[in-house]
Amino acid sequence: MGLKSFFKFAGVIVALGALTACGSLGRIGSPATERPEHYSDPTHPRNIDTTNTIWNAFNRKSNETEVLVNRYIWQASLEVLDFLPVQTVDPFTGVIVTGYGTPPGGGQAYRATVLIKDPALDARSLNVALQNRGGPASAATTRAIEDAILTRARQLRITDNRL
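As numbered in the numbering used here, the sequence shown has no gaps in its residue numbers, which increase by one up to the final residue, 172.
Structure follows, in structure tokens:
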């Protein structure tokens, strides 16, 4: 019985070896001039990048983890809207969502959603959506908040450059 099972095992190993050898025949390449379509197709198995390793995930030079939000506008938004309770903050997408709060000296409650779209310290980088309990706030109020945030961001940058 032992000899019979040994031959079965050896037969399976030989069959697997032959199957593996047949699979690798397509990998033996020809010169690039014979099959140029393989070299121009990025999804072809020969053109897939195999140099990446698990250690590339810890590479600090990766652009995937880079925050593309202006830090001065971010900080200024949090400082100007400090009377509103912060609900959600996502520095990677540049979104700050607040709950309802009443400004000092004001009688009406507001909530805000701030989107910082660009790393530049520019008015086009900032988008503020202000809402009261009855609907959207007036354009003048929203504009005043945006101006206050941009003014504070410029002050923060000037202070930072002095250091």
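Virtual Cβ for every residue (Gly too), placed ideally from N, Cα, C. For clarity, every value in this text was computed on a predicted model and none was experimentally measured.
Is Asp99 helix, strand or coil by DSSP?
-> Numbered from 1 along the sequence shown, position 90 holds the residue referred to as residue 99. Reduced to three states, the DSSP call for Asp99 is strand.
Report the rounded CA-to-CA distance for Asp127 versus Ala30, giving the unit in angstroms.
-> The count along the sequence shown starts at 1 and reaches residue 127 at position 118. The count along the sequence shown starts at 1 and reaches residue 30 at position 21. Approximately 54 angstroms, taken between the alpha carbons.
Indicate the three-state DSSP secondary structure (helix, strand or coil) for Gln117 in the structure shown.
-> Position 108 of the sequence shown holds residue 117. Coil, per DSSP.
Option in Ala162, Tyr109, Asn136, Asp169 with minimal Cα separation from Gly144 | Position 135 of the sequence shown, counting from 1, holds the residue named residue 144. It is Tyr109 whose Cα lies nearest to the Cα of Gly144.
Have a look at Leu93, Val89, Tyr119, Leu124 and flag the residue whose alpha-carbon is nearest the alpha-carbon of Pro100.
-> Start at 1 with the first residue of the sequence shown, and residue 100 comes out as number 91. Nearest option by C-alpha distance: Leu124.
How many angstroms separate the CA atom of Asp131 from the CA atom of Ala148?
-> Your numbering for residue 131 matches position 122 in the sequence shown. Your numbering for residue 148 matches position 139 in the sequence shown. Between Asp131 and Ala148, the C-alpha separation is close to 19 angstroms.
Element boundaries [beta strand (DSSP E), containing Ala138] | Here residue 138 refers to the residue found at position 129 when the sequence shown is read from its first residue. That run of the beta strand (DSSP E) goes 135-141.
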